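S.K.:
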Amino acid sequence: MATVIFKDPSPYTQEKTPCHESDYLYQLNEKHVSLKVDAGADKTINVAIFGLGRAGSIHLSNLARNPRTKLVYIVDDQEGKSENIKRYWKLDKVTILRSSEAEKVFNDPKVDAVVVASPTYTHEDIVRKSLEKGKAVFCEKPVAQDIASTKRCYEEAKKAGIPLFTAFNRRFDLAYSQVRDRVRKGEVGQVHTIKVVSRDSPLPPMDYLKISGQGKTDISGIYHDCAVHDIDMICWILGEYPTQVAVVAHAHIPEIAAINDHDTVAMVLKFPSGTTGMIDLSRNSCYGYDQRLEVFGPRGIITCHNERPMCGIESQLKLSGSNYNPIYFSFSSRHKLAYDYELEHFLDIVQGKTSKLKVEGKEVLAVSKIATACEESAKTGQFITLKWAPEELPSSVAI
Numbered sequence: 001m002a003t004v005i006f007k008d009p010s011p012y013t014q015e016k017t018p019c020h021e022s023d024y025l026y027q028l029n030e031k032h033v034s035l036k037v038d039a040g041a042d043k044t045i046n047v048a049i050f051g052l053g054r055a056g057s058i059h060l061s062n063l064a065r066n067p068r069t070k071l072v073y074i075v076d077d078q079e080g081k082s083e084n085i086k087r088y089w090k091l092d093k094v095t096i097l098r099s100s101e102a103e104k105v106f107n108d109p110k111v112d113a114v115v116v117a118s119p120t121y122t123h124e125d126i127v128r129k130s131l132e133k134g135k136a137v138f139c140e141k142p143v144a145q146d147i148a149s150t151k152r153c154y155e156e157a158k159k160a161g162i163p164l165f166t167a168f169n170r171r172f173d174l175a176y177s178q179v180r181d182r183v184r185k186g187e188v189g190q191v192h193t194i195k196v197v198s199r200d201s202p203l204p205p206m207d208y209l210k211i212s213g214q215g216k217t218d219i220s221g222i223y224h225d226c227a228v229h230d231i232d233m234i235c236w237i238l239g240e241y242p243t244q245v246a247v248v249a250h251a252h253i254p255e256i257a258a259i260n261d262h263d264t265v266a267m268v269l270k271f272p273s274g275t276t277g278m279i280d281l282s283r284n285s286c287y288g289y290d291q292r293l294e295v296f297g298p299r300g301i302i303t304c305h306n307e308r309p310m311c312g313i314e315s316q317l318k319l320s321g322s323n324y325n326p327i328y329f330s331f332s333s334r335h336k337l338a339y340d341y342e343l344e345h346f347l348d349i350v351q352g353k354t355s356k357l358k359v360e361g362k363e364v365l366a367v368s369k370i371a372t373a374c375e376e377s378a379k380t381g382q383f384i385t386l387k388w389a390p391e392e393l394p395s396s397v398a399i
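Rendered as structure tokens:
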């Protein structure tokens with residue numbers, strides 16, 4: 001009876017406990033239950049998608065499920081795959097095209113938006129032709145194969161007043177977003193070090209690695225295909241760009257060495273505030289998709305651990321110690337919600353619910369510049385100094 005004095009009133013007489021902002025799935029379900037259509041969101045967005053590879057298949061599944069979109073065109077050159085996807089997703093009214101027939105997409109006034117997930121060397125042409133015809137563009141990185149061409153695409157988008165969105169999807173990961181918010185609130189004080197571990201799983205197929213570097217200029221390989229995500233995340237969290245980078249790298253896998261790329265990379269980024277950034281990168285993690293983040297300062301540390309699809313199960317059998325289920329196997333499962341969330345943001349832009357892209361053109365160009373410097377450091381074994389002109393800096397970054 002000693003605790004009776006602490007008895008609370010009935011919870012039915014109290015205010016409901018609100019859902020925490022991180023529970024994206026609950027919020028999405030409540031939206032579906034309420035059937036509320038936001039102002040400006042009643043018009044269906046007609047979409048065409050280019051490319052049905054690793055990322056393209058994720059975007060297609062999200063588009064097929066989204067009540068705001070109608071898929072009208074699929075453009076892909078893989079023999080038989082488009083038809084199989086059309087049958088799998090019951091997309092009977094979707095037109096299947098080869099890339100040689102892409103003009104039909106650009107010239108169709110019903111198409112509101114284009115999703116670009118085709119091989120890297122095709123991006124610029126699709127982006128520019130889409131913008132020319134007034135279609136909003138959602139593009140997997142990179143937008144083009146060199147920095148000058150990427151800049152030209154963004155200039156054309158700005159001139160036309162058409163949104164061009166580059167899919168740096170880790171900005172839309174709820175865990176990373178919360179880390180950024182807490183860092184920006186000063187929880188660890190001035191950041192001394194920020195560390196990222198990013199190890200890919202499964203090993204990407206050689207066909208993909210070769211295609212990602214086709215027509216190679218200054219945007220391809222592990223630095224521009226893989227490291228850009230980690231570079232962007234660090235700069236996005238800190239709100240500044242590095243002034244020096246140093247990289248050590250090696251190709252342990254002979255097939256990757258044969259295409260003059262690396263599979264293992266250690267990167268150090270020196271920031272003007274004194275912060276040191278470190279990126280541990282690998283193409284091949286045998287134990288799953290290893291994604292960890294640590295931010296350290298004089299007031300403490302914030303750590304973002306690997307996530308697991310089955311996170312509540314632990315076993316202790318005889319003397320084997322504690323055992324847990326494996327971490328997520330690949331980016332498609334680990335960042336599923338981020339893919340959902342970035343698409344929702346793009347659709348908000350298209351429907352006019354917001355006008356501010358969460359990934360600015362200047363940010364995309366800056367990340368490419370940093371990645372290029374990292375690649376140069378790996379080749380030369382030297383520290384590379386980065387200088388930033390005021391016109392290169394987005395509103396969110398200071399030097």
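The UniProt record's numbering puts the sequence shown at residues 1 to 399.
All C-beta atoms, glycine included, are put in the ideal place defined by N, C-alpha and C.
All of these numbers come straight from a predicted model, not from anything done at the bench.
1) What is the DSSP secondary structure of Gln291, counted as helix, strand or coil?
2) Report back the beta-carbon spacing between Thr150 and Leu365 to the nearest angstrom; my notes put them in contact at under 8 Å.
3) For the alpha helix (DSSP H) containing Val127, list its first residue and its last residue.
4) Please work out which residues of its chain come closer than 6 Å, Cβ to Cβ, to residue 416, disregarding the five sequence neighbours upstream and downstream, and give them in chain order.
5) Is the beta carbon of Ile147 less than 8 Å from the beta carbon of Lys369?
6) To the nearest angstrom, report how far apart Pro394 and Asp200 are at their CA atoms.
7) Would you kindly check if the distance between the Cβ of Phe138 and the Cβ of Val116 is under 8 Å?
8) Measure the C-alpha to C-alpha separation of Leu164 and Asp230 and round it to an integer number of angstroms.
9) In the DSSP output, what is Phe50 paired with across the bridge?
10) Suppose the cutoff is 7 Å on Cβ atoms and the five residues either side in sequence are ignored; what does the same chain contact list for Val188 look like?
11) What number of angstroms, rounded off, separates the C-alpha of Arg182 from the C-alpha of Ala167?
12) Taking only three categories from DSSP, how would you classify Thr17?
13) Would you check if the region 75-88 and the region 96-108 touch, i.e. whether three or more CB-CB distances between them fall below 8 Å?
14) Under the three-state reduction of DSSP, which class applies to Arg170: helix, strand or coil?
15) Which two residues bound the contiguous alpha helix (DSSP H) that contains Val248?
16) Just list the residues that DSSP pairs Cys304 with in beta bridges.
17) Would DSSP call Ser198 helix, strand or coil?
18) Out of curiosity, what's the CA-to-CA distance linking Val114 and Tyr154?
19) Does the beta-carbon distance from Ile222 to His252 come in below 8 Å?
20) Considering Tyr88, what are the terminal residues of the alpha helix (DSSP H) in which it resides?
21) In chain order, what residues of the same chain lie with their CB nearer than 8 Å to the CB of residue 409, ignoring the 5 residues before and after it?
22) Just to confirm my understanding: we take Ser22, look at its own chain, exclude 5 residues before and 5 after, and list those with CB closer than 7 Å. What are they?
23) May I have the straight-line CA-CA distance separating Glu392 from Gly321, to the nearest angstrom?
24) Grouping DSSP H, G and I as helix and E and B as strand, with all else coil, what is Glu240?
25) Can you tell me which residues form a DSSP beta bridge with Ile96?
26) I want to check one thing, is the minimum distance from the CB of Pro204 to the heavy atoms of the ligand SAM below 7 Å?
27) Express the C-alpha separation of Thr372 and Thr217 in angstroms, rounding to a whole number.
28) Could you check what DSSP says for Gln316 in three-state terms: helix, strand or coil?
29) Near Phe106, which residues of its chain fall below 8 Å by C-beta distance, leaving aside the five closest residues on each side in sequence?
30) Figure out for me which residue from Ala389, Leu357, Gly381, Val350 has the closest Cα to the Cα of Thr69.
31) List the residues that DSSP assigns as beta-bridge partners of Leu281.
32) In whole angstroms, what separates the C-alpha of Thr264 from that of Lys7?
33) Less than 8 Å between the beta carbons of Tyr176 and Met233, yes or no?
34) Pop quiz: Ile162 and Phe50 are said to be a contact at Cβ under 8 Å. What is the actual Cβ separation, rounded to whole angstroms?
35) The beta strand (DSSP E) with Asn323 in it runs from where to where?
M.R.: Put simply:
1) Your numbering for residue 291 matches position 291 in the sequence shown. Residue state, collapsed to three classes: strand.
2) The residue labelled residue 150 in the question sits at position 150 within the sequence shown. The residue labelled residue 365 in the question sits at position 365 within the sequence shown. The Cβ separation is near 6 Å, so the contact holds.
3) The residue you call residue 127 lines up with position 127 of the sequence shown. From DSSP, the alpha helix (DSSP H) with Val127 extends over 123-132.
4) Nothing in the structure corresponds to residue 416, since the chain is present only between 1 and 399.
5) Start at 1 with the first residue of the sequence shown, and residue 147 comes out as number 147. Start at 1 with the first residue of the sequence shown, and residue 369 comes out as number 369. Yes. Within cutoff.
6) Locating residue 394 in the sequence shown gives position 394, counting from the first residue. Locating residue 200 in the sequence shown gives position 200, counting from the first residue. Spanning the two alpha carbons is a distance of roughly 30 Å.
7) Residue numbering aside, residue 116 sits at position 116 when the sequence shown is read from its first letter. Residue numbering aside, residue 138 sits at position 138 when the sequence shown is read from its first letter. Closer than 8 Å, so yes.
8) Working through the sequence shown from its first residue, we reach residue 164 at position 164. Working through the sequence shown from its first residue, we reach residue 230 at position 230. In a straight line, the C-alpha of Leu164 is about 21 Å away from that of Asp230.
9) Here the question's residue 50 lines up with position 50 in the sequence shown. Phe50 pairs with Val75, Val116.
10) Position 188 of the sequence shown, counted from the start, is the residue given in the question as residue 188. If we look at Val188 and ignore the five residues flanking it on each side, its Cβ neighbours are Val295, Phe296, Gly297, Arg299, Gly300, Ile301, Ile302.
11) Walking along the sequence shown from the start, residue 182 turns up at place 182. Walking along the sequence shown from the start, residue 167 turns up at place 167. The alpha-carbon atoms of Arg182 and Ala167 are separated by roughly 23 Å.
12) Indexing the sequence shown from 1 puts residue 17 at position 17. Of the three classes helix, strand and coil, the one that applies to Thr17 here is coil, per DSSP.
13) yes
14) Within the sequence shown, the letter at position 170 stands for residue 170. In the structure shown, Arg170 sits in a helix (DSSP, three-state: H, G or I).
15) Here residue 248 refers to the residue found at position 248 when the sequence shown is read from its first residue. That residue, Val248, is in no alpha helix (DSSP H); its beta strand (DSSP E) goes 244-250.
16) Position 304 of the sequence shown holds residue 304. In the DSSP output, where bridge partners are listed per residue, Cys304 has Leu293.
17) Taking the first residue of the sequence shown as 1, we reach residue 198 at position 198. Residue state, collapsed to three classes: strand.
18) For the purposes of this step, residue 114 is taken as the residue at position 114 of the sequence shown. For the purposes of this step, residue 154 is taken as the residue at position 154 of the sequence shown. Each residue's Cα considered, the two are about 15 Å apart.
19) Locating residue 222 in the sequence shown gives position 222, counting from the first residue. Locating residue 252 in the sequence shown gives position 252, counting from the first residue. Contact: no.
20) The sequence position of residue 88 within the sequence shown is 88, counting from 1. That run of the alpha helix (DSSP H) goes 81-88.
21) Within the shown structure, residues of the chain are numbered from 1 to 399, placing residue 409 beyond reach of any answer.
22) Looking up residue 22 in the sequence shown gives position 22. These residues qualify, in order along the chain: Leu174, Gln178.
23) Position 392 of the sequence shown, counting from 1, holds the residue named residue 392. Position 321 of the sequence shown, counting from 1, holds the residue named residue 321. In a straight line, the C-alpha of Glu392 is about 52 Å away from that of Gly321.
24) For this step, residue 240 is matched to residue 240 along the sequence shown. In the structure shown, Glu240 sits in coil (DSSP, three-state: anything other than H, G, I, E or B).
25) Within the sequence shown, residue 96 is the residue found at index 96, counting from 1. Looking at the DSSP assignment, Ile96 forms a beta bridge with Ile74.
26) The ligand SAM is not among the ligands present in this structure, which contains no ligands whatsoever.
27) Counting from one through the sequence shown, the residue named residue 217 turns up at place 217. Counting from one through the sequence shown, the residue named residue 372 turns up at place 372. Unreliable placement is indicated for Thr217, whose pLDDT of 46 sits below 50; the coordinate value is still reported in the next sentence. Each residue's alpha carbon lies about 10 Å from the other.
28) Taking the first residue of the sequence shown as 1, we reach residue 316 at position 316. Gln316 falls in the strand class under three-state DSSP.
29) Translated into the one-based positions of the sequence shown, residue 106 becomes position 106. If we look at Phe106 and ignore the five residues flanking it on each side, its Cβ neighbours are Lys129, Ser130, Glu132, Lys133, Lys135.
30) As a working note, residue 69 is residue 69 in the sequence shown. Nearest option by C-alpha distance: Val350.
31) In the sequence shown, counting from the first residue as 1, residue 281 sits at position 281. BP columns for Leu281 point to Ser198, Val265.
32) Along the sequence shown, read from residue 1 onward, the residue named residue 264 stands at position 264. Along the sequence shown, read from residue 1 onward, the residue named residue 7 stands at position 7. Near 58 Å, if we compare the C-alpha coordinates of Lys7 and Thr264.
33) Stepping through the sequence shown from its first residue, residue 176 is reached at position 176. Stepping through the sequence shown from its first residue, residue 233 is reached at position 233. Yes. Within cutoff.
34) Here residue 162 corresponds to residue number 162 of the sequence shown, with the count starting at 1. Here residue 50 corresponds to residue number 50 of the sequence shown, with the count starting at 1. At roughly 17 Å, the Cβ-Cβ gap does not stay under 8 Å, so Ile162 and Phe50 are not in contact.
35) In the sequence shown, counting from the first residue as 1, residue 323 sits at position 323. That run of the beta strand (DSSP E) goes 322-324.
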